[in-house]
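Below: one structure, written as structure tokens.
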């Protein structure tokens with residue numbers, strides 16, 4: 001399968017910005033996604049970006065895509081304790097398959 | 001609107017037993033899939049279906065069977081459970097076009113002893 005990589009852990013203080021990074025290998029990826037997983041729950045879609053875009057902003061979330069470097073990031077402004085979760089990036093390679101990173105566990109320190 | 005519903009939420013099996021994980025969606029989605037989530041490995045695609053009567057293998061299909069007799073249901077069968085199949089299983093669905101994100105169920109936590 002495709003190789004999608006993320007760092008495993010990130011800790012930030014409440015009120016600071018969080019930046020979660022992701023790299024992928026398939027240059028033909030059309031859509032890239034960010035999902036959030038809270039303990040004991042499924043994956044909740046946060047946002048996604050089409051591969052011909054550089055940036056997408058949605059309230060406190062900003063997605064940046066560097067297609068040349070195959071690098072995707074998710075910035076969460078004014079991080080709150082409720083943002084503590086595991087964040088997965090995923091790339092869509094073809095119509096049917098999503099390839100996920102290992103997930104980044106975000107811990108927000110009060 | 002229930003979305004994607006998975007049952008059971010938890011299950012413990014003995015090695016060699018069989019069982020079926022159920023998945024149902026009420027959004028008339030064409031595309032359904034099964035993933036397993038293991039620590040440090042993200043989600044890996046087991047099987048998927050692009051519509052009723054059509055299934056295909058994903059990244060890690062061995063030891064699992066699926067069928068898609070209706071649009072709504074996509075059960076995952078373990079014919080002879082092995083400890084390596086201890087995992088959290090997620091079902092997902094979408095309209096199938098590349099622009100449409102997948103909706104996930106809450107997962108089934110399966111332990112094989």
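Residue numbers (our numbering), protein chains in the order written: chain S, 1 to 110; chain G, 1 to 113.
We treat Cβ as the ideally placed atom computed from N, Cα and C, and that holds for glycine.
As the structure is a prediction and not an experimental result, all values here were calculated from the model.
Exercise. To the nearest angstrom, how far is it from the Cα of residue 30 of chain S to the Cα of residue 11 of chain S?
Worked result: 30 Å
Problem set entry | Contact residues within the segment 85 to 104 of chain S, judged by C-beta distance below 7 Å to chain G | 88, 92, 95, 96, 97, 98, 100, 101, 102, 103
Exercise. From residue 7 of chain G to residue 24 of chain S, what distance separates their C-alpha atoms?
Worked result: 33 Å
Exercise. Nearest-angstrom Cα distance between residue 16 of chain G and residue 65 of chain G?
Worked result: When only Cα atoms are considered, residue 16 of chain G and residue 65 of chain G end up about 15 Å apart.
Problem set entry | Counted within 10 angstroms of its Cβ, other Cβ atoms place residue 87 of chain G as buried (16 or more) or exposed | buried
Exercise. For residue 86 of chain S versus residue 104 of chain S, is the C-beta spacing smaller than 8 Å?
Worked result: yes
Exercise. Taking Cβ positions only, does residue 10 of chain S come closer than 8 Å to chain G?
Worked result: Residue-level contact check: residue 10 of chain S does not touch chain G, since none of the beta carbons of chain G fall below 8 Å from its beta carbon.
Exercise. Per DSSP, what kind of secondary structure is residue 62 of chain S in: helix, strand or coil?
Worked result: In the three-state scheme derived from DSSP, where H, G and I count as helix and E and B as strand, residue 62 of chain S is classed as strand.
Problem set entry | Pair within 8 Å by beta-carbon distance, residue 32 of chain G and residue 74 of chain G | yes
Problem set entry | Whole-angstrom distance between residue 20 of chain S and residue 71 of chain G, CA atom to CA atom | 36 Å
Exercise. Taking only beta-carbon atoms, is residue 24 of chain S less than 8 Å away from chain G?
Worked result: no
For this session: Answer with buried or exposed for residue 100 of chain S, where buried requires no fewer than 16 other C-beta atoms within 10 angstroms of its C-beta.
Result: Buried, because 16 or more other Cβ atoms sit within 10 Å of the Cβ of residue 100 of chain S.
For this session: Can you tell me which of S:7, S:13, S:8 puts its alpha carbon nearest to the alpha carbon of residue 109 of chain S?
Result: S:13
For this session: Note the first and the last residue of the continuous beta strand (DSSP E) segment covering residue 32 of chain G.
Result: Unbroken beta strand (DSSP E) run through residue 32 of chain G: 31 to 37.
Exercise. For a contact meaning CB atoms closer than 8 Å, what does residue 41 of chain G contact in chain S?
Worked result: 102
Exercise. Helix or strand or just coil, what does DSSP make of residue 87 of chain G?
Worked result: strand
Problem set entry | Contacts around residue 42 of chain S, its chain only, beta-carbon distance under 7 Å, and the 5 residues preceding and following it disregarded | none
For this session: State the DSSP-derived secondary structure class of residue 70 of chain G, mapped to helix, strand or coil.
Result: coil
Exercise. Of all the CB atoms in chain S, is at least one closer than 8 Å to the CB of residue 75 of chain G?
Worked result: no
Exercise. What number of angstroms, rounded off, separates the C-alpha of residue 106 of chain G from the C-alpha of residue 50 of chain S?
Worked result: In a straight line, the C-alpha of residue 106 of chain G is about 26 Å away from that of residue 50 of chain S.
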